[in-house]
Amino acid sequence: MTGFLLRRLAQSVVAILGVITLVFFIQRLSGDPTLLMVPEGASREDIETLRHQLGFDRPLIEQYLDYLGQLAGLDFGRSLIQRVPVSEIILSRLPYTLALASGALLVALGIGLPVGIVMAVKRGTKLERMLMAFVLVGQSMPTFWSGILLILFFAVTLGVMPSSGVDGIRSIVLPSVALGAITMATFARIARTAVLEELGRDYVATAQSKGLTFSRAVRRHVLRNAATPIITVSALEIANLLAGAVIVETVFAWPGLGQLAVQSIAARDFPIEQGIVLLGSFVSIGLNLVADLLYSVVDPRIRLEGSA
627 MTGFLLRRLA
637 QSVVAILGVI
647 TLVFFIQRLS
657 GDPTLLMVPE
667 GASREDIETL
677 RHQLGFDRPL
687 IEQYLDYLGQ
697 LAGLDFGRSL
707 IQRVPVSEII
717 LSRLPYTLAL
727 ASGALLVALG
737 IGLPVGIVMA
747 VKRGTKLERM
757 LMAFVLVGQS
767 MPTFWSGILL
777 ILFFAVTLGV
787 MPSSGVDGIR
797 SIVLPSVALG
807 AITMATFARI
817 ARTAVLEELG
827 RDYVATAQSK
837 GLTFSRAVRR
847 HVLRNAATPI
857 ITVSALEIAN
867 LLAGAVIVET
877 VFAWPGLGQL
887 AVQSIAARDF
897 PIEQGIVLLG
907 SFVSIGLNLV
917 ADLLYSVVDP
927 RIRLEGSA
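Just so you know, we're using our numbering here: the sequence shown kicks off at 627 and counts up by one.
Dropping the structure here:
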């Protein structure tokens, strides 16, 4: 188990270093941010002075090594526009994105898993076809489009929900539904496939031949064995929810990291862009590591293979 854990940790560190390197060089090659920071008509000397103050006139490799040193001390730098630490800006917006992602995950799991399990158990029935149609609608509708439709119906037509911004607990309902719709459909399809695969195995018939009812066989054995692919998808989908928040936060004017990312990209505020991308990468890689560890708990064969 220790070897399995160390191997996964080493792979995670390599992945994070790769992300840091790619983000740094791609952003530096995208253009000079000092041109957006100086007033219109600024002289060449003023531009060069600002580039020197910000350190952009140094060799790229030197800037990269300094950046790695900063990150080692958990220092994401300072915003080029607001001139305050990036960590403070991100931490001020992070609770909003976490609340939105949590609400979307609750919608996705609370609806997607039961729908997927029912579709598998009721395979070939009219109920399965109705639920499949519901899932396909959720999966095929773009996030920004479902968000706009929700605003038009619940906020504009019915007037029962706020259309944008933060206004109590009700303001998170519509963005959570819009963000969680596609993930709900993904959970439903994965749960259906996983449960169907397990229902076709011999142990289900054996359990029923020993007197266990079908519903108890499903609850006691099938759902546990079908959990591995669901855990995989859960880890990946949580990361996707954070990435998808960029669109939903823009549509609903939600003051989270997604909206901050759009604003920083427009202003070419490199440190904030880097901080948000790296935070998302850390979360994604960390969730995959947690998923790997959960595999070894759900399916001991994976732990044994990893220890070999």
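The C-beta atom is built at its ideal place from N, Cα and C for all residues, glycine as well.
CA nearest to the CA of residue i, picked from the options
i           : options               : result
residue 899 : 639, 737 and 646      : 646
residue 769 : 788, 804, 781 and 761 : 804
residue 703 : 897, 694, 857 and 838 : 897
residue 841 : 688, 744 and 671      : 744
residue 642 : 908, 919, 699 and 843 : 908
residue 726 : 843, 849, 865 and 913 : 865
residue 862 : 913, 791, 718 and 762 : 913
residue 694 : 644, 877 and 784      : 644
residue 799 : 878, 684 and 677      : 878
residue 679 : 691, 664 and 687      : 664
residue 722 : 812, 880, 916 and 905 : 880
residue 655 : 629, 689 and 632      : 689
residue 857 : 905, 724 and 915      : 915
Contact check, residue i vs residue j, beta carbons under 9 Å
i           : j           : result
residue 649 : residue 903 : yes
residue 867 : residue 739 : no
residue 918 : residue 705 : no
residue 707 : residue 765 : no
residue 697 : residue 651 : no
residue 810 : residue 859 : no
residue 720 : residue 882 : yes
residue 782 : residue 757 : no
Expected contact under 8 Å - CB spacing of residue i and residue j to nearest Å
i           : j           : result
residue 801 : residue 874 : 5 Å
residue 852 : residue 821 : 5 Å
residue 734 : residue 806 : 4 Å
residue 660 : residue 684 : Their Cβ separation, rounded to whole angstroms, is 13 Å, which puts residue 660 and residue 684 out of contact at 8 Å.
residue 830 : residue 847 : 7 Å
DSSP beta-bridge partners of residue i
i           : result
residue 704 : 711
Quiz item: If we count Cβ pairs, one from each stretch, closer than 8 Å, do we get three or more for the region 823 to 842 versus the region 877 to 887?
Solution: no
Quiz item: If you pair each beta-carbon of the region 744 to 756 with each one of the region 814 to 831, do three or more pairs fall below 8 Å?
Solution: Counting C-beta pairs with one atom in each stretch, the region 744 to 756 and the region 814 to 831 have three or more that are closer than 8 Å, which means they touch.
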